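Q:
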Amino acid sequence: MNAIRVHEYGGSSELRYESVERPEPAGDELLVRVRGAGVNPVDAVARRGRLNYQLPWIPGWDLSGTVAAVGESVTDFEVGDSIYGLTRFPAAGSTYAEYATVPATDIDTKPEVLDHIAAAAVPMVALTAWQALFDRGGLQEDDRVLIHAAAGGVGHIAVQLANHRGATVIGTASGYNREFLTELGVDQFLDYEETPFEEAIDEPVDLVVDAVSGETYARSLSVLREGGTIATLLDSPSDEQTDVHGVESRRVAVEANGKTLSEITSLIEDGAVVPTVSAVYPLSDATAAHEDIEGQHARGKLVLEPDGGTDE
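Numbering (the numbering used here), first residue to last: 891 to 1202.
This is the structure:
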């Protein structure tokens, strides 16, 4: 089979398209014919050596595809099923390939309303958004939530999940994304290029979902109500900063979870969550996809497509 491998950590040019041996599933795993592999910012972080995998290493954690073989202890899936999921994170997922093995507990049946490309865009960002909003953030109906980078991969799913929960949603993004986010359900759109968000928010929020970090993290503490929460995807919580403002900071480290993904699948089937794919690249052109993701302004998600298309 063909796959992308990294032999040395570094820039996007280290992504090599090569012929490698097809993996075999363990007893609790599936072998999946990959039809789409989602590209996430953490993929580039890992490529630069931050997670220190044994080399050579196949990147990627998101996938959608069809089951090609099942391990002897797998009972919930069979050959030919269309599935999707986030696999093994933060261990190596190896989804930038024509075939990948995945633990059966990490996946769910692909939503019928999505093709494999759109489905591959969902798992990591949707699970991250869910865990930030609900598991770590405790978002409830009628709460007010501020979502930074609301047009990005995690952000645009978080907007839809929060809207479906019945929260008031405030989203920051560039002015280019105003119409896009309004259609997704943002109640208040803030163009970060025009006005500092802390000056535009006239009532404290219950939760901040921060995918930007740095200065944005520090400024976000001032718009939280006393006892509110900031769920940060990048920064480690700072007790010193949060104590001053009387708020809580919680780090979100996404975990693969087939049960939660099943809840997200239901929302997708009902039309409450719709993923946006901004660009599709051939698997062989993963370098260009990484250059795009490192531009940091992609709307929605980028997806790699292995040879063979999305019809199976």
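Every residue, glycine too, gets a C-beta built ideally from N, C-alpha and C. Keep in mind that this is a model prediction, so the values were computed, not measured.
(1) Quick one: what does DSSP say G1185 is sitting in, helix, strand or coil?
(2) Have a look at the DSSP bridge pairing and note the partners of D1077.
(3) Nearest-angstrom Cα distance between I1047 and E968?
(4) Taking the continuous alpha helix (DSSP H) assigned at K1149, which residues delimit it?
(5) For I1194, which of helix, strand or coil comes out of DSSP?
(6) Please name the residue in T977, R1189 and V1113 whose C-alpha comes closest to that of F1070.
(7) Would P1001 pass as a contact of E1184 if the rule is Cβ separation under 8 Å?
(8) If you draw a straight line from the alpha carbon of S1103 to that of E962, how long is it in whole angstroms?
(9) Going by CA-CA distance only, name the one from Y986, D1182 and L1017 that's closest to I997.
(10) Quick one: what's got a C-beta closer than 8 Å to A916's C-beta in the same chain, skipping five residues either side?
(11) Give me the residue from R1141, G1061 and A1009 with the minimum Cα distance to F1024.
(12) Leaving out the 5 sequence neighbours to the left and right, which residues in its chain are closer than 7 Å to L1114 when beta-carbon positions are compared?
(13) Check whether the Cβ atoms of W951 and T1150 sit closer than 8 Å, and answer yes or no.
A: Answer, in terms of the structure:
(1) coil
(2) For D1077, which the question treats as bridged, DSSP gives no partner whatsoever.
(3) The straight-line gap from Cα to Cα measures roughly 29 Å.
(4) G1148 to E1159
(5) Inspection of the sequence shows that residue 1194 is occupied by Leu rather than by Ile. Three-state DSSP puts L1194 in a strand.
(6) R1189
(7) Annotated as distal: P1001 and E1184, with beta-carbon spacing of 8 Å or more.
(8) 44 Å
(9) L1017
(10) Closer than 8 Å at the Cβ level, and outside the excluded window around A916, lie G961 and T991.
(11) R1141
(12) P1094, V1095, V1098, I1120, H1135 and V1137
(13) Here W951 is not near T1150, since their CB atoms are 8 Å or more apart.
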